[in-house]
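Per the working numbering, the sequence shown starts with residue 2, numbered consecutively.
Every residue gets a Cβ at the ideal spot worked out from N, C-alpha and C, and that includes glycine.
This report concerns only the one structure given below.
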Amino acid sequence: MGFRSLRDCVEALRRERECVVIDHPFDPHLEIAEIQRRLFRAGGPAVLFTQPRGSAFPVLVNLYGTKRRIERIFADTFDRVRRLVELKIDPTAALRRPGRYWRSPYDALSMLPRSVRTGPVLARSTRLSALPQVVSWPGDGGPFVTLPAVYSEDPARPGPKHSNLGMYRVQLAGNDYEPDRETGLHYQLHRGIGLHHAAALARGEPLKVAIFLGGSPAMAVSAVMPLPEGLAELTFAGVLAGHRIPMIRRAGRPAIYADADFVIEGTVHPGATKPEGPFGDHLGYYARQHDFPLLRVDHVWHREGAIWPVTVVGRPPQEDTLFGWLVHELTGPVIPTVLPGVSSVHAVDASGVHPLLLAVGSERYLPWKKSDRPAELLTQASAILGQGQLSLAKYLFIVNGGDCPGLDAHDVREFLSHLLARVDWRRDCHFHTQTTIDTLDYSGQGFNAGSKLVVAARGEPRRPLPRELPSGIGLPPGFAHPRLCLPGIVAVTGPRIEPRPRLEAESDAAIWAPTAEAAWAADVERLCEAIGPNHPLRAFPLMVVVDDADFAAASLENFLWLTFTRSNPAVDVHGVEAGIHHKHWGCGGPLVIDARLKPHHAPPVEEDPAVTARVDELCKAGGPLSGILGG
2 MGFRSLRDCV EALRRERECV VIDHPFDPHL EIAEIQRRLF RAGGPAVLFT
52 QPRGSAFPVL VNLYGTKRRI ERIFADTFDR VRRLVELKID PTAALRRPGR
102 YWRSPYDALS MLPRSVRTGP VLARSTRLSA LPQVVSWPGD GGPFVTLPAV
152 YSEDPARPGP KHSNLGMYRV QLAGNDYEPD RETGLHYQLH RGIGLHHAAA
202 LARGEPLKVA IFLGGSPAMA VSAVMPLPEG LAELTFAGVL AGHRIPMIRR
252 AGRPAIYADA DFVIEGTVHP GATKPEGPFG DHLGYYARQH DFPLLRVDHV
302 WHREGAIWPV TVVGRPPQED TLFGWLVHEL TGPVIPTVLP GVSSVHAVDA
352 SGVHPLLLAV GSERYLPWKK SDRPAELLTQ ASAILGQGQL SLAKYLFIVN
402 GGDCPGLDAH DVREFLSHLL ARVDWRRDCH FHTQTTIDTL DYSGQGFNAG
452 SKLVVAARGE PRRPLPRELP SGIGLPPGFA HPRLCLPGIV AVTGPRIEPR
502 PRLEAESDAA IWAPTAEAAW AADVERLCEA IGPNHPLRAF PLMVVVDDAD
552 FAAASLENFL WLTFTRSNPA VDVHGVEAGI HHKHWGCGGP LVIDARLKPH
602 HAPPVEEDPA VTARVDELCK AGGPLSGILG G
C-alpha cells in the first residue's frame, strides 16, 4: 500500500491529470521557484521538469499544492491514521465499535520500521554538484534542499526507537562550503536533532546524519509532524505510507532509507560550523547568514529514475501552508488529551506560523462563581507555551470556549472579534520578556532573542466592535490614512523609519540600539496621547501603526503578516492611558502595536523582475507553460 518512490506517485497523478510533465529546459536559478509559486497560487497541478538546466535529474514541484492532491496521495491510509488517533484519545472505542477498529492492530504493526541489507537507493552514486541547484529567491546564499527528511539517532542509544526525522533546510553550495564535500545544516530551537547533536558533543564524537529525499510522500509529511518527544517519526511514517519503512543499517555509518530517491550521508563533527544563508524563509523575509552546523558529506546515493522534489517557502500562503492543514487534520483531535481544557490551537500561517497562536480553552475553576477574570486560561496558556514548537509562539491569544460554544481557533476573523469584544487591556496582557523566539524572527533584540505576549479574555462582551470608520479623524503630525482592517481594528500609516545600511560584520544588536528604540516608541506615544476620551478612534480596541495602511487593510492576510512579523511585544506594544500597577502593564484605551519595518528587521523577499518577465513570456499562448499557467 502507498507509494514507495516519487516516480510511482508521479505516474499515478499523471493518469489522473494531477501532474504534468514538461520537457522544455528551465533554469533552477529562480525560474523554477517562480513557476512553483504561481502554480500554488493558481491551485495548479504538480509539475515534473524533465530537463532542468545543469542537472540530469528531473525536478518535481507543487506535489503538496492542493488539499485534493494530498488527499489523493494518502487516500489508502488517511482513515487508518484517523482510527489510530481515535484510539489514542479513547482506547475503549475498540470495544464499543469493533467493526471500525478491527484492523487497527495491523495498522499499528506497520508503524515499526524494518531493517534491510540493501535497497533501490543504493543503485547509483553521484556528487552534490550534479544535483539540481535550485535557488528560490534572489538574495539566497546559494541552492538549498527544501524538502529534506533529515535523519539522526541518539548516539548513546542508536536505533530507530530513539531516532529523529526532521525537515531542516540544507544549503548545497555557496558561501565558504567546500564544493561537493560540505553542506550547511540549519535547525532551529526545540528540534529533535538538537538533542542528538548535544549528546554527540557531550561524548566528543561526530554525529552521523542522513538526508532523505523522495521515496514515499509520507516521509516528508512525517518530518514536519509535531510528534511528542519519544515517538519516532519513522513510526508515524509507516502508518501514513501504508507499509513498514525499510532502513538499511551498516556498521559505522548512518542508517539510510532504502526506498528514498536520494540520500546524502555524512557527519557533523564537534565544533564544525560555517556561515549558512541568507535564505528566503516562511515568514516572508530573508533569514540572515549565521553560523550553523557543517555536514561533511561522505556519499550521495540515488535510485534509478530518481526525482528531485522541491518546494518554495516565502511570505505565506505557500505550499507549506498545506502541511499545516494536514497536521491539523491528523492531530487536531488529540489536542485535548495533550492540553487538558484546550479544544483547539491554531498557529496562524498568514502570520508566519510561530508569531501568532490562537487557542480556545475553558474555565472550569469555581463553576458556582460568576467571573470574567481569566483563571484556568492562564494555566492553559502556560501549558501551550511548554509544548515543543508551540513554545516559539510570540503572541498567544486564548479565549474561553464556554463563552461561545463551537468557536474554533481556525476561524481567525471570528476569533479576533470574539476576543476584542471581551478583552480588558488593563488586566489581560501578560508579557514574557528577555526570552527566546523563533530563530527566523528578526523582530527582537537579536538572534533568538525577543519577548512574548499572552492575551487571555473571557466573559460577556464589554464593547461593540465598530465596523466602519467615523469621519473627521484627527491624527498627530506624521500619522495619516486610518483604514479599517477588521471590526474593531484600525491600521494607521505612521512616520517612516529610515533604513540604515548594515556595516560589515555589524550585529543585529548594534542596529537595534536604545536610542533608536526610544525614537520609534516616541512616535507611537504621540499617537496614544492624541487618542483622548472623545477621540473617534477611542471605540476601536486595537490599532496598528504600519508603513502603508492601505496595504494592511487590503486583506486579512496582509494585516496578520505585517502586525505579527514586524513587532516585538515588549518593545512595540503600546497603549492609550498605559500604566503599571503591581508590576503589571495595562492600558485603559486601545492597544497600539507598532508594526513598522525597522532597520534591524530582516528584509522582505521579493521576486526578480527579469525572471518574472521571463516566466510571463513562457506562460503566453504557444509557450511551454501556456496550458498550465496562461494562454
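Relative to G140, the option among R42, L476, N176 whose CA is nearest is N176. Segment contact: the segment 239 to 247 against the segment 273 to 286, fewer than three CB-CB distances shorter than 8 Å; contact not assigned. Shown here, E12 sits in a helix according to DSSP, grouped into three states. Note on G580: under 16 other CB atoms within 10 angstroms of its CB, so exposed under the neighbour-count rule. If you draw a straight line from the Cα of M544 to the Cα of T440, it is about 27 Å long.
Check the Cα spacing between S383 and each of H431, V424, S372: the tightest is with H431.
The C-alpha of V301 lies about 58 Å from the C-alpha of D425.
DSSP places W586 in the uninterrupted beta strand (DSSP E) bounded by 585 to 588. Two segments are said to touch when three or more pairs of C-beta atoms, one from each, lie closer than 8 Å; by this definition the segment 190 to 207 does not touch the segment 317 to 327. For the options V574, D549, L476, D548, the alpha carbon positioned closest to that of P537 is the one of L476.
In the same chain as F79, and ignoring 5 residues on each side of it, the C-beta atoms closer than 7 Å to its own belong to E72, in chain order.
By the CB criterion at 8 Å, A150 and M168 fall inside the cutoff. Looking at the DSSP output, T494 shares a beta bridge with A481, V547.
S6 sits buried, since 16 or more C-beta atoms from the chains shown fall within 10 Å of its C-beta. Between L358 and A394, the gap from beta carbon to beta carbon is short of 8 Å. C-alpha of A376 to C-alpha of E364: approximately 7 Å in a straight line. Between the segment 562 to 579 and the segment 597 to 614 there are three or more C-beta pairs closer than 8 Å, enough to call the two in contact. In the DSSP annotation of this structure, the continuous segment of the alpha helix (DSSP H) that includes T564 starts and ends at 557 to 566. When DSSP states are grouped into helix, strand and coil, A531 belongs to the helix group.
Between E234 and V264, the alpha-carbon positions lie close to 17 Å from each other.
For D292, the three-state secondary structure derived from DSSP is strand. A distance of 8 Å or more separates the beta carbons of L391 and I399. Setting aside the 5 residues that flank it on each side, L31 is surrounded in the same chain by V136, P139, D609, V612, each with a C-beta closer than 7 Å to its C-beta; the list follows chain order.
In summary, P406 is exposed, with fewer than 16 beta-carbon neighbours lying within 10 Å of its beta-carbon over all protein chains present.
Between G120 and A256 the beta-carbon gap is near 11 Å, outside 8 Å, which marks them as no contact. DSSP lists L214, H303 as the beta-bridge partner residues of F263. Assignment of H270 by DSSP, reduced to helix, strand and coil, places it in the strand class. Across the set I23, V22, N63, the C-alpha of N63 shows the shortest separation from the C-alpha of L40. Its Cα nearest to that of W586, the residue D429 stands out among D429, A458, I74. Taking 3 residues as the minimum length, the beta strand (DSSP E) runs contained wholly in the segment 400 to 465 are 430 to 437, 450 to 458, in order along the chain. The distance from the Cβ of K68 to that of W326 is about 6 Å, consistent with a contact at the 8 Å cut-off. Residues S345 of the same chain have their beta carbon placed closer than 6 Å to that of D409, with the five preceding and five following residues left out of the count. Assignment of beta strand (DSSP E) within the segment 35 to 72, counting only whole runs of 3 or more residues, yields 47 to 50, 60 to 62 in chain order. Listed in chain order, the beta strand (DSSP E) runs fully inside the segment 168 to 210 are 183 to 186, counting runs of at least 3 residues. Annotation: V354 is outside any beta strand (DSSP E) and is labelled neither H nor E by DSSP.
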